[in-house]
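Residue numbers (the working numbering), protein chains in the order written: chain A, 151 to 320; chain B, 10 to 678.
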């Protein structure tokens, strides 16, 4: 990566672009954006390999059938990854490593990332979506539940962020 | 109306996958450009060190909300072609709270972490793997979480409905709120003096643009399709039909109703049927079909809008041209369920009312009796013919087929034209029953048909049974069970097979009746054997395995397997093979029932409505219900078709008994 690291896009411009991508998704797909939907399909596919009988018999993953990956959000997630990869490479922002404050131990940051992932993966299922599928997609559709999700998400984030502040301390 | 993948039911097809992939590419690209490949930058929102998450999210949200509103104003997008997810307030609030903790803890959410991983971040990869694990945990805990998962379910709910505001007004408020948030955020940036350079540029122009767009909505025209912005469930029926759908319906003759069928339905006093006579008032005065309303073509739309008929609407004139043109126009305006009478009133006279003695063509079996019944009914002197049955006066307040409260039955007990059929076992009946009720063993309606056991008998044999019970086609039949509503619904299907729609199921059955200490005796009623007419047509709702197999392959039809979950999953089986029909969805029939004080009743309609809205995309979506022998499925059929108003519900009577035994049919576990 010889290229100069570019600053990210102006946030308002990025926001408008993101809004337009979401609109395009409504218009073309007839459904908004989603990321956790793809993840949960990956989870189901994984469990299907490990314990097929159990997975198909479970009330939640069972409804995905024997081919959980045949689902549009799996392909969207793949697109997100590749789109992000392209952008990171061309902007020079690709950098392999763990992102944390210099004064914080690596295992601590990994632990927090893992703990956060667990909560987010679980909560996305409970709320039927994540930041993309629920907060943004449903929020722009003015759905009551999606906006409640958005408010609750920021409320608990701000309430407890103090506990996790040290990971960013240099 | 844009043909989205969702509307075409094509999200999960190769073309849908490609479209989703391409949108994903753009989504990932923008997220990374926004700087969301970095957890530190994202987490900055919680420590006021970098507030771009708020700037990006809110400008995206308002941009998309405004764009969506404009597309709706122009009738291009609405709940028909865009998926709207239901609001489940409790689950979403709790989910949001947990999500926020995880978000602050890790600095990632699912979408950004995919971009973070693509940017080489190890913590993003750890987060993603954990999030997958989190979904797994949810799946394992799901049985215990079910109440929480459904807590506060309200169906599709728009926030302005919840707040009692207009949509445009709410969007304006939202836009102004976003503008205020942007300003506050810039102020925080300046105050902390930590803002990256140039972070504030563009705020004013964006704010201005958004406010102008929001104000534009206030003055924008609001054409009719805007109705669609309400929750789909709240506006049943008014979904405009595309030209292609219209042509397809015409090609399949799905826009016609045959005179014989109409005659039978009118004779049976079908509730909710609206008959519209399009001829001149003079012709109408001379003769019209009973119950018909005389309207001129321009009056049709407003009439249907104000009366909102729930059942069939049949248009007729002398011929077919005017009704056909009117029907197409009405469908374009979004009125569903409108049919034209094949061959018009002339055809009706010729095919239904022409005396048998004048007919030269060979008569179908049973037609002669029917023609006599029709002539007696339709050619009565004016005045007498507006009432289909003596029982109608007492029963007008109840929708049949439907449920009869015990109060209603107590008030109407002994009234002419109301017949009671008790489906409990013989010993219980002998010990005591509702006065005047006749007992029938449900099994006398079933038998082996073409080698498949426990099939509902053909119409001819059912008509024989009804004749033995002394029932006539215009009787209002009240069905009584103890704790098994499915016994009543199976009898109901026997009546439906005969085209007999005047039946009610006693709510709470004999148990509620006796608990309320209502009349009860041990006498056998006097019954005169009648000659119940045999319908000429098939019942229209029973399907064989061929149709189910085709539905299972094509995926457009929802196959509801109503057996208990263990049987669906193949953990238990009493048949040749265990499992279920590929693609079938399990909704055990017991889940439609609730018990209190020993009385088994259907769950409240709102609850059923909600449960099935989650399984079946639209009221006119094709559905096939089945169980093992057809008995349990008769209950789900009744719930969907008669209580909830789903219009295309079919019944696979042979069910798992047949499917499991036919080895060539595919089974899924």
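Just so it is clear, CB atoms sit at the ideal spot from N, CA and C, and this is done for glycine as well. Computed from a predicted model, the values in this text were never measured in an experiment.
Hey, is the segment 115-122 of chain B in contact with the segment 37-46 of chain B, meaning 3+ C-beta pairs nearer than 8 Å?
yes
What are the boundary residues of the alpha helix (DSSP H) that includes residue 413 of chain B?
Element bounds for residue 413 of chain B: not the alpha helix (DSSP H) but the beta strand (DSSP E), 411-413.
Is it the case that the segment 265-277 of chain A contacts the segment 139-149 of chain B, given that we only count it when at least three CB pairs across the two stretches are under 8 Å?
yes
Would you please verify whether the beta carbon of residue 114 of chain B is less than 7 Å from any beta carbon of chain A?
yes
Just verifying my parser: in three-state terms, what is the DSSP assignment at residue 635 of chain B?
strand
Please list the residues of the segment 302-318 of chain A that have a C-beta atom closer than 7 Å to any C-beta atom in chain B, keeping them in chain order.
302, 303, 304, 305, 306, 307, 308, 310, 311, 314, 315, 318
Are the CB atoms of residue 489 of chain B and residue 519 of chain B within a distance shorter than 7 Å?
yes
Just checking: is the beta-carbon of residue 288 of chain A within a distance shorter than 7 Å of some beta-carbon in chain B?
yes
Going by the CB atoms, is the gap between residue 632 of chain B and residue 625 of chain B shorter than 7 Å?
yes
Please determine, among B:430, B:324, B:290, the residue with the shortest C-alpha to C-alpha distance to residue 533 of chain B.
B:430
Check the C-beta distance from residue 677 of chain B over to residue 591 of chain B and give it rounded, since I have them as a contact under 8 Å.
4 Å
Flag residue 573 of chain B as yes if its beta-carbon sits less than 7 Å from any beta-carbon of chain A, otherwise no.
no
Cβ-heavy atom distance, residue 282 of chain A to the ligand MN, below 6 Å:
This structure lacks the ligand MN; in fact it carries no ligand of any kind.
Enumerate in chain order the residues of its own chain whose CB-to-CB distance from residue 232 of chain B is below 6 Å, with the five nearest sequence positions on each side excluded.
With a pLDDT of only 43 at residue 232 of chain B, under 50, the local geometry of the prediction cannot be trusted, and the value read off the model is given with reservation. 84.
Flag residue 155 of chain A as yes if its beta-carbon sits less than 7 Å from any beta-carbon of chain B, otherwise no.
no
Over what stretch of residues does the alpha helix (DSSP H) that includes residue 147 of chain B continue unbroken?
131-158
Would you grab the beta carbon distance between residue 247 of chain A and residue 131 of chain B for me? Rounded to a whole angstrom, and I think it's under 8 Å.
6 Å
Let me make sure I understand the geometry here. Which of B:200, B:127, B:21, B:12 has the alpha-carbon closest to that of residue 220 of chain A?
B:21
For the beta strand (DSSP E) holding residue 462 of chain B, just list the boundary residues, first then last.
461-465
Beta bridge counterpart(s) of residue 247 of chain A as assigned by DSSP
B:130
Can you name the residues of chain A whose CB is closer than 7 Å to the CB of residue 96 of chain B?
293, 294, 295
Taking Cβ positions, are residue 108 of chain B and residue 311 of chain A nearer each other than 7 Å?
no
Between residue 190 of chain B and residue 614 of chain B, what straight-line distance do the alpha-carbon atoms span, to the nearest angstrom?
43 Å
What number of angstroms, rounded off, separates the C-alpha of residue 99 of chain B from the C-alpha of residue 159 of chain B?
8 Å
Bridge partner(s) assigned by DSSP for residue 659 of chain B
B:633
Exposed unless 16 or more other CB atoms sit within 10 angstroms - verdict on residue 659 of chain B:
buried
So, at 7 Å on beta carbons, what are the nonlocal neighbours of residue 667 of chain B in its own chain, with the 5 sequence-adjacent residues on each side left out?
461, 554
Is residue 618 of chain B close to chain A, meaning its C-beta is less than 7 Å from at least one C-beta of that chain?
no
Counting Cβ pairs closer than 8 Å, one from the segment 21-33 of chain B and one from the segment 170-181 of chain A, do we hit at least three?
yes
Output needed for residue 222 of chain B: all residues of its chain with C-beta closer than 6 Å, excluding positions within five of it in sequence on either side, in chain order.
75
Quick one: which chain B residues come within Cβ less than 7 Å of residue 185 of chain A?
119, 120, 123
Below 8 Å, can you find three or more Cβ-Cβ pairs linking the segment 315-332 of chain B to the segment 274-287 of chain B?
yes
Extent of the continuous beta strand (DSSP E) run through residue 347 of chain B:
347-350
How many Å lie between residue 484 of chain B and residue 556 of chain B at the Cα?
33 Å
Determine whether the Cβ of residue 64 of chain B lies closer than 7 Å to any Cβ atom of chain A.
yes
Can you give the Cα-Cα distance for residue 359 of chain B and residue 384 of chain B, rounded to whole angstroms?
12 Å
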